[in-house]
Each structure stands twice: as C-alpha cells, then as structure tokens.
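Undergrad:
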Amino acid sequence: MRFIINIVCFLFLLPLIATAQTYKYIGVENGLSNRRIFDIQKDSIGYMWFLTNEGIDRYNGKDIKHYKLIGENKESSSPIHLGWLYFEEKGKLWVIGKAGRIFQYNQEHDVFNKVYKLPKTPVNISYGYMDHNHRIWLCSRYSIALYDTQTGETHQMPNELKSSITSIEQVDNDHFFMATNKGVRYVKLENEALQIVPLEPLDKIQAQISALHFHQES
Numbered sequence: 001m002r003f004i005i006n007i008v009c010f011l012f013l014l015p016l017i018a019t020a021q022t023y024k025y026i027g028v029e030n031g032l033s034n035r036r037i038f039d040i041q042k043d044s045i046g047y048m049w050f051l052t053n054e055g056i057d058r059y060n061g062k063d064i065k066h067y068k069l070i071g072e073n074k075e076s077s078s079p080i081h082l083g084w085l086y087f088e089e090k091g092k093l094w095v096i097g098k099a100g101r102i103f104q105y106n107q108e109h110d111v112f113n114k115v116y117k118l119p120k121t122p123v124n125i126s127y128g129y130m131d132h133n134h135r136i137w138l139c140s141r142y143s144i145a146l147y148d149t150q151t152g153e154t155h156q157m158p159n160e161l162k163s164s165i166t167s168i169e170q171v172d173n174d175h176f177f178m179a180t181n182k183g184v185r186y187v188k189l190e191n192e193a194l195q196i197v198p199l200e201p202l203d204k205i206q207a208q209i210s211a212l213h214f215h216q217e218s
C-alpha cells in the first residue's frame, strides 16, 4: 500500500515538476551574431557567453551584446578562427583562437584585448586548454606552447604524442589525460617537458577520441 501511495504522490507532483523548467530559444533573430557556436560559458552572475564565428556574444537573460576582439589597439578585421572559452577561478574570461591568439576580457573597459599570439607560422592549433595552474595550452601536432596567464611568460615544448590533441583533463598539478585522433595517453609535465606515463588500459585504445570527462574521486 505504501508503494502505491508513493507512486500516486509522484504522479500528482509530476505536472508541478514539469512546469518548473523554463526554456528559451535564442537565435540570430534575437541578436545572436551567428548560428554556429564553438563554446559556451556561464559566469558568476549568471551571464551566458557564446563563442561564434563573428566574435563573442554575452546574454544577460534579456539582451545580447556583441564584442569585437581587439588587437594592436584596433578591431581585428581578419578571421579570428576562435575555438575555446575559459574562466579562471577569480572570474577572468579567456578566449583561445585556433591561429594561436589569446584574448582576455577587460571588465573595467568591457572589451577583449589580445595578450598573446604565436609567432607567425602555418601551425594550426588543434586544441586550446587552460589548466588549474593558470597556464593556457596551445596544442599543435608537433609542438605545445604554454602561456602563463599570471606572468605572461611562454614556454615551447615538443608534443611527445606526435598526434593532434583533441582534449585534455588535469588530474593533479603535474599529471594529465590527453586525447588525440589516435587514442588516449596519461602524461606528466615535469621540468617544462611532457613525459608519457605507461598506463596499459589506455595505451591499448586505438581510436579517434573527441572529448574527455574526468571525475575526481573524493
């Protein structure tokens, strides 16, 4: 009888649960600059940030504001080829471009400024990542550039995986899982060099991996 009562109560509350969710469609007709979105982030006050082909859009729940990216004291007129958005712990917003450019949001002036660009090379960034140590990773097939967001210093190192990196998950200060178009590897960053750590279950994977999700056990 108790089981039946529980079912009846759940069915009675189901309409209330269903109506508690509110969904809103946002498109170019509402101010979104482009239908193609590469990344989405939510800030500490609830604003949504969208990375599109045209730049950055911010949605405050009512209006959408478009941001042009700034470089060399002028708006960038060439294609930016954006790829990734990241928030630091203190709320700083960073944008990583596939051509090796890094932009930071200046909250005081409400603009995005370019803070770094890889030297002019035909290298295409396969993945951009911000780790817990305030470093931005610019990963290409044969090399990786680490940009320290606190000091502005940059370090270049070989990509020991010799393959295009598609996703990164940090385990601790020095260890990372890295996905490529050929599998997944466990690596250690030590003395500004990447070392592959043998891990038999992962080393046997021979497949293109597009994303990783790491669950830290408590």
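For the sequence shown, the numbering used here assigns the number 1 to the initial residue and increments by one for each residue that follows.
We treat Cβ as the ideally placed atom computed from N, Cα and C, and that holds for glycine.
Rounded C-beta distance between I102 and V123? I'm assuming under 8 Å.
TA: Residue mapping note: residue 102 aligns to position 102 of the sequence shown, counting from 1. Residue mapping note: residue 123 aligns to position 123 of the sequence shown, counting from 1. The Cβ separation is near 14 Å, so there is no contact.
Undergrad: Note down the Cα distance separating I37 from N106, rounded to an integer number of angstroms.
TA: Taking the sequence shown and counting its residues from 1, the one referred to as residue 37 is at position 37. Taking the sequence shown and counting its residues from 1, the one referred to as residue 106 is at position 106. Taking the straight line from one Cα to the other gives about 22 Å.
Undergrad: Check whether the Cβ atoms of S164 and S143 lie closer than 9 Å to each other.
TA: Taking the sequence shown and counting its residues from 1, one reaches residue 164 at position 164. Taking the sequence shown and counting its residues from 1, one reaches residue 143 at position 143. It is not a contact, given that the beta carbons lie outside the stated cut-off.
Undergrad: Report the rounded CA-to-CA distance for S126 versus K24, giving the unit in angstroms.
TA: Start at 1 with the first residue of the sequence shown, and residue 126 comes out as number 126. Start at 1 with the first residue of the sequence shown, and residue 24 comes out as number 24. Approximately 32 Å, taken between the alpha carbons.
Undergrad: Which of the three DSSP states is assigned to V95 in this structure?
TA: Reading the sequence shown from its first residue, position 95 is the one you call residue 95. Of the three classes helix, strand and coil, the one that applies to V95 here is strand, per DSSP.
Undergrad: What span of residues does the alpha helix (DSSP H) with D57 cover, start to end?
TA: Working through the sequence shown from its first residue, we reach residue 57 at position 57. That residue, D57, is in no alpha helix (DSSP H); its beta strand (DSSP E) goes 55 to 59.
Undergrad: Taking the continuous alpha helix (DSSP H) assigned at L138, which residues delimit it?
TA: The count along the sequence shown starts at 1 and reaches residue 138 at position 138. Counting along the chain, L138 falls outside any alpha helix (DSSP H), though it belongs to the beta strand (DSSP E) covering 135 to 139.
Undergrad: Within its chain, find whatever has a CB closer than 6 Å to the CB of H155; leave out the 5 residues flanking it on each side and keep chain order.
TA: Within the sequence shown, numbered from 1, the residue matching residue 155 stands at position 155. Around H155: L146, E192.
Undergrad: Look up I165 in the DSSP assignment and give the residues it is bridged to.
TA: Residue 165 sits at position 165 when you count from the first residue of the sequence shown. T180, per the DSSP bridge assignment.
Undergrad: On the CB-based measure, 16 or more other CB atoms within 10 Å of its CB, does V187 come out buried or exposed?
TA: Here residue 187 refers to the residue found at position 187 when the sequence shown is read from its first residue. Classification of V187: buried, given that the 10 Å Cβ count is 16 or more.
Undergrad: Are T149 and K92 close, meaning C-beta to C-beta below 9 Å?
TA: Here the question's residue 149 lines up with position 149 in the sequence shown. Here the question's residue 92 lines up with position 92 in the sequence shown. In contact: T149 and K92 (Cβ atoms closer than 9 Å).
Undergrad: On the DSSP letters alone, give me the boundaries of the beta strand (DSSP E) that D148 sits inside.
TA: In the sequence shown, counting from the first residue as 1, residue 148 sits at position 148. Looking at the DSSP string, the run of the beta strand (DSSP E) that includes D148 is 143 to 148.
Undergrad: Tell me whether E217 sits in a helix, a strand or coil according to DSSP, three-state version.
TA: Stepping through the sequence shown from its first residue, residue 217 is reached at position 217. Three-state DSSP puts E217 in coil, outside helix and strand.
Undergrad: Considering only residues of the same chain and omitting the five flanking positions on each side of N181, which have a CB-CB separation below 7 Å?
TA: Translated into positions along the sequence shown, residue 181 becomes position 181. Cβ within range, chain order: S163, S164, T166, Q208.
Undergrad: Give a yes or no on whether the C-beta atoms belonging to L199 and G183 are separated by under 9 Å.
TA: Taking the first residue of the sequence shown as position 1, residue 199 is located at position 199. Taking the first residue of the sequence shown as position 1, residue 183 is located at position 183. Taking 9 Å as the Cβ cut-off, L199 and G183 do not qualify as a contacting pair.
Undergrad: Could you check if K204 is buried or exposed, using at least 16 other CB atoms within 10 Å of its CB as the buried criterion?
TA: As a first step, residue 204 is located in the sequence shown; it is residue number 204 there, counting from the start. Classification for K204: exposed.
Undergrad: With DSSP as the reference, identify every bridge partner of K188, one or two as the case may be.
TA: Here the question's residue 188 lines up with position 188 in the sequence shown. Answer is H175, Q195, bridged to K188.
Undergrad: Rounded to the nearest angstrom, what separates M157 and W137 at their Cα positions?
TA: Position 157 of the sequence shown, counting from 1, holds the residue named residue 157. Position 137 of the sequence shown, counting from 1, holds the residue named residue 137. Whole-angstrom Cα-Cα distance: 11 Å.
Undergrad: Closest by CA to H222, which one among E190, S44, I196, F176?
TA: Summary: the structure shown does not reach residue 222, with the chain confined to residues 1 through 218, and so no result is reported for it.
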